[in-house]
Amino acid sequence: METELKFVVDAQGAERLRADLKLPGDGERLRSVYFDTPDMDLKADGFVLRVREAGDQRIQGVKQSIKGGAFTRHEWEKPIEGEGLDFDALDETPLGERLGKKRREALAPTFEVDVRRAKRTLEFQGAEIEVALDEGEVRTVGRREAIRELELELISGSPAALFALARTLVSSAATLSFRTKSSRGFALARDKETCAAALAGPALKPGQTAQQGFHDIAAACLAQIAANAEVLRERRDGEAVHQLRVGARRLRSAILLFRPMLGRAASDGPVAAELRWLAGECDAARNLDVFAEGAFAPVVKQADDPEMLAGFALALERRRTQAHDRARRAVLGDRFRALLLEAAAWIEAGDWTTDAALAEAREERLGDFAADALNKALHRVIKRARALKGEDDLARHRLRVSDKVLRYGIANFATVFEEAKPREVRALNEAAAAAQDALGALTDIVAARSICADLAQTEAALDPDIVYAAGYVAGHVSAGEPAKLKRAKKAVRRLEKAEPFW
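Quick note: the sequence shown, position 478, residue 478 per full-length UniProt numbering, numbers continuous.
This is the structure:
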């Protein structure tokens with residue numbers, strides 16, 4: 001099993017790293033050919049098969065991803081001879097069992113990675129760490145993409161030392177990445193640009209410990225954040241903003257669910273605080289997107305004179321552009337780079353992993369822990385449901401937040417309850433989702449009124465007609481509030497009556 005951190009760097013950062021780490025100038029050329037079937041069956045099964053040429057050697061390698069293993073993978077390597085694959089060597093790995101005759105015959109080069117690697121081994125805080133800077137490209141038929149990344153691999157010692165070394169590199173514009181060379185190659189082979197990524201949740205088991213469960217959930221959330229930030233570093237993308245916020249929210253929700261194991265201070269600790277900052281930097285972009293597409297567009301279609309809304313539409317687009325630029329600046333900055341690294345370090349080797357006072361909670365059977373956590377989350381939702389009897393927007397928002405924690409908990413823990421009937425899990429999940437959507441519609445109305453008021457106040461000097469247009473839009477949006485409030489109350493009553501499946 002290998003434990004490594006991977007960072008993407010720019011050209012200037014690479015030069016600084018080369019100097020700071022005293023890496024050799026030219027490095028060694030490594031050419032790796034990756035194999036898969038036309039349907040990419042190996043990738044679907046979580047395997048990567050490659051043959052690497054380094055000097056006169058050919059080394060066949062198999063890597064297997066680990067569910068929840070953000071920084072660890074199983075790896076098997078063996079020198080081989082000849083030009084093709086060595087199936088005898090493959091049969092010594094778990095991949096061999098998955099390769100029937102048809103798959104073996106279908107294996108073919110899918111893409112190749114050609115880099116210059118400058119590396120050295122460091123002794124750092126009692127650990128032995130291999131540092132490697134790769135610069136080159138990944139290519140397939142008719143397409144290529146530049147690669148410039150730094151890898152830190154733990155040879156021996158504590159993971160804490162690995163992260164401690166990594167902290168010294170953030171100033172060199174090195175950004176923690178969960179994206180492997182193989183994932184870049186597969187995307188290139190499929191002619192797909194980097195796109196927004198939803199959560200790839202871990203398949204948890206009841207026999208795991210609470211510590212293992214939190215680790216796997218949190219690592220998946222952090223990977224979702226990093227993947228969508230990578231999209232935003234390339235371009236504006238509304239869906240990537242949304243998925244990044246979802247990743248941050250799910251990680252904060254996991255911290256709340258696991259607070260008995262993490263310690264009560266965790267929900268207000270540095271990682272949670274930085275996640276709130278990140279979400280805040282993206283809130284305006286997401287709120288404006290939802291308003292533009294879900295509220296304003298229908299009003300324009302219904303308007304007798306859509307031209308009267310033209311100035312408002314232009315002002316709205318300017319505001320959306322500014323908000324998306326703000327989100328992009330956030331993920332391009334040093335603070336975000338530090339957030340990724342510190343969150344990863346905390347998940348892998350934070351104080352909560354060794355605190356003697358939390359040892360019993362860490363070792364609790366995940367099935368038992370999850371049942372207790374979901375009970376508390378459901379009771380919190382029921383307690384806050386009384387907020388819908390009044391017109392308190394803040395109380396409704398708090399109810400929605402509690403419902404999200406419950407819904408994310410259901411999604412995370414569903415596989416833990418192996419004896420639960422699928423229809424019972426589905427019923428509660430659908431009830432929580434319906435409540436979340438209905439409460440979200442009310443939140444969107446509040447946000448829409450705020451956006452209209454803000455545009456009326458800030459844009460009136462440029463176009464006085466915007467004031468009238470803002471009032472017109474706000475009035476149309478607010479007209480649907482009574483019906484949506486009724487729907488929300490009904491959805492929450494349904495959730496209150498839903499039977500727990502744990």
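No residue lacks a Cβ here, since even glycine has one placed at the ideal position from N, Cα and C.
Subject >> Simplified DSSP state of Gln208, which is helix, strand or coil >> reply: Secondary structure of Gln208 (DSSP, three-state): coil.
**OP:** Look at the Cβ atom of Leu292, then the Cβ atom of Leu316, and state whether they are nearer than 7 Å.
**Re:** Per the sequence presented here, residue 292 reads as Ala, with Leu not at that position. The beta carbons of Ala292 and Leu316 sit closer together than 7 Å.
Subject >> N-terminal and C-terminal residue of the beta strand (DSSP E) that Gly136 is part of >> reply: Run containing Gly136: Ala127 to Thr140, per the beta strand (DSSP E) assignment.
Subject >> Option in Leu309, Ala411 and Pro422 with minimal Cα separation from Asp463 >> reply: For Asp463, the closest C-alpha among the options Leu309, Ala411 and Pro422 is that of Leu309.
Original post:
How would you write the range of the alpha helix (DSSP H) that Arg236 sits in, first residue to last?
Top reply: In this chain, Arg236 is not harboured by any alpha helix (DSSP H), its DSSP state being neither H nor E.
Subject >> CB-CB length for Ala491 against Ala434, believed under 8 Å >> reply: With a contact defined as Cβ atoms closer than 8 Å, Ala491 and Ala434 qualify at about 4 Å.
Original post:
Do you know how far the Cα of Ala210 is from the Cα of Gly263?
Top reply: Going from the Cα of Gly263 to the Cα of Ala210 covers about 13 Å.
Original post:
Under 7 Å, do Leu428 and Ala498 count as touching if we go by C-beta distance?
Top reply: Yes; because the gap between Cβ atoms is below 7 Å, this pair is in contact.
**OP:** Could you check the C-alpha separation between Arg120 and Leu314 for me, to the nearest Å?
**Re:** Straight-line spacing of the CA atoms in Arg120 and Leu314 works out to 55 Å.
Original post:
Quick one, are the C-beta atoms of Val425 and Phe501 less than 7 Å apart?
Top reply: Yes, the Cβ-Cβ distance between Val425 and Phe501 is below 7 Å.
Original post:
Can you give, in chain order, each stretch of the alpha helix (DSSP H) that sits fully within the region 37-111 and has at least 4 residues?
Top reply: If we require 4 residues or more, the alpha helix (DSSP H) runs fully inside the region 37-111 come out as 41-44, 87-90, 94-98 and 101-106.
Subject >> For Ala161, the nearest candidate out of His242, Ala127 and Val467 (CA to CA) >> reply: Its Cα nearest to that of Ala161, the residue Ala127 stands out among His242, Ala127 and Val467.
Subject >> Segment limits, beta strand (DSSP E) that includes Leu176 >> reply: Bounds of the beta strand (DSSP E) holding Leu176 are Thr175 to Ser177.
**OP:** With DSSP collapsed to three states, give me the class of Lys497.
**Re:** Here Lys497 carries a helix assignment [DSSP, helix/strand/coil].
Subject >> Beta-carbon proximity list for Val467, same chain, < 8 Å, skipping 5 on both sides >> reply: Taken in chain order, the residues that qualify are Ala456 and Ala460.
Subject >> Contact set for Leu278: own chain, Cβ-Cβ below 6 Å, skip 5 residues either direction >> reply: Contacts found: Ala248.
Original post:
Should Asn375 be labelled buried (16 or more other beta-carbon atoms within 10 Å of its own) or exposed?
Top reply: That one is exposed.
Original post:
Taking just the CA atoms, how far does Gly440 sit from Lys404?
Top reply: Rounded to the nearest whole angstrom, the CA to CA distance from Lys404 to Gly440 is 10 Å.
Subject >> DSSP beta-bridge partners of Glu230 >> reply: DSSP, once it has assigned bridges, lists no residue as partnering Glu230.
**OP:** Quick one: residues in its chain with C-beta nearer than 7 Å to the C-beta of Leu257, no 5 flanking neighbours on either side, listed in chain order?
**Re:** Excluding its 5 nearest sequence neighbours in each direction, Leu257 has C-beta neighbours in its own chain below 7 Å: Ala373, Ala377, Val405 and Gly409, listed in chain order.
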